[in-house]
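Numbering (the numbering used here), first residue to last: 469 to 707.
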């Protein structure tokens with residue numbers, strides 16, 4: 469499979485590497501309260517990822533990996549600290565402003581599928597491109613071809629196999645050639661061969677200049693990364 473195709477970007481969308489670090493998070497704190505119980509999900513987490521890097525966030529369940537990715541994407545607001553994506557502040561802004569940053573600069577792969585079940589694969593990719601301002605059917609066709617999914621373009625998500633679903637989630641995440649790709653357990657339910665295939669796609673995404681941050685329990689993901697960030701009880705233990 470070849471690398472994802474190039475998509476023309478507006479002047480408001482800088483090329484990878486043109487503004488220094490793609491991801492900068494400083495002293496993130498996040499806690500949740502349920503009744504009298506308080507959970508400290510993040511405790512002073514600082515992270516930086518440069519364009520072209522593939523970084524794995526590792527640690528046991530409950531260590532704060534998913535919370536970190538949610539804060540980086542602007543899906544969750546930290547109680548303290550700050551996040552910048554390609555030089556743009558994310559924290560402290562309206563949801564509308566955060567959504568614009570996600571649409572233009574961030575691709576996301578979640579543990580749960582990021583596909584709308586009532587849309588075909590092609591329509592899912594088209595929707596994301598529309599939200600990001602880059603609608604071009606030939607680009608969609610080339611992207612699906614690069615991921616080995618062109619023959620499944622008109623298929624609904626429920627008809628995709630496990631491996632196809634993982635690649636389809638990446639197609640949606642890469643629809644606008646984002647500067648930042650955030651992936652939460654993208655290979656968690658895959659066999660060894662399919663996991664290797666997905667890791668190859670993540671590596672090629674980094675090689676084209678994106679900053680790729682992957683939260684995972686997988687040893688294969690950790691081994692494939694340029695470096696690892698270890699979270700324990702919401703704190704960075706090593707990086």
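Heads up, the beta-carbon is just placed ideally off N, CA and C, and yes, glycines get one too.
(request) Report the three-state DSSP secondary structure of residue 507 (helix, strand or coil). (result) strand
(request) Buried or exposed for residue 546, please, with buried defined as at least 16 other CB atoms from any protein chain shown within 10 angstroms of its CB. (result) buried
(request) Would you check if the region 549-567 and the region 491-504 touch, i.e. whether three or more CB-CB distances between them fall below 8 angstroms? (result) yes
(request) Name the one or two DSSP bridge partners that residue 557 has. (result) 552
(message) Given this structure, state the Cα-to-Cα distance separating residue 501 from residue 507, to the nearest angstrom.
(response) 6 angstroms
(request) With DSSP collapsed to three states, give me the class of residue 497. (result) strand
(request) Could you check if residue 514 is buried or exposed, using at least 16 other CB atoms within 10 Å of its CB as the buried criterion? (result) exposed
(message) What does the alpha-carbon distance come out to for the pair residue 590 and residue 626?
(response) 14 angstroms
(request) Starting from residue 574, trace the beta strand (DSSP E) both ways and give me its first and last residue. (result) 574-577
(message) Output needed for residue 692: all residues of its chain with C-beta closer than 6 angstroms, excluding positions within five of it in sequence on either side, in chain order.
(response) 667
(request) Label residue 503 either buried or exposed according to how many other C-beta atoms from any shown protein chain fall within 10 Å of its C-beta, with 16 as the threshold for buried. (result) exposed
(message) I'd like to know whether the C-beta atoms of residue 661 and residue 597 end up nearer to each other than 8 angstroms.
(response) no
(message) Looking at the strands, I want to know which residues DSSP matches up with residue 652.
(response) 683
(message) For residue 619 and residue 613, I'd like the C-alpha separation in whole angstroms.
(response) 8 angstroms
(message) Given a cut-off of 8 angstroms on the beta-carbon distance, is the pair residue 532 and residue 509 in contact?
(response) yes
(request) Starting from the C-beta of residue 671, find all residues in its chain whose C-beta is less than 7 angstroms away, skip the five residues before and the five after it, and write them out in chain order. (result) 522 and 692
(request) Would you mind giving the Cβ-Cβ distance between residue 576 and residue 650, rounded to the nearest angstrom? I have them listed as a contact below 8 angstroms. (result) 5 angstroms
(request) Just mark residue 652 as buried or exposed, buried being the case when its beta carbon has 16 or more other beta carbons within 10 Å. (result) buried
(request) Alpha carbon to alpha carbon, how far is residue 541 from residue 530? Give it in angstroms, no decimals. (result) 19 angstroms
(message) For residue 669 and residue 699, I'd like the C-alpha separation in whole angstroms.
(response) 25 angstroms
(request) Tell me whether residue 596 sits in a helix, a strand or coil according to DSSP, three-state version. (result) helix
(request) Quick one: residues in its chain with C-beta nearer than 6 angstroms to the C-beta of residue 498, no 5 flanking neighbours on either side, listed in chain order? (result) 509, 510, 535, 546 and 547
(message) Excluding the 5 residues flanking residue 587 on each side, which residues of the same chain have their C-beta closer than 7 angstroms to its C-beta?
(response) 595
(request) Using beta-carbon positions only, say whether residue 582 and residue 641 come within less than 8 angstroms of one another. (result) yes
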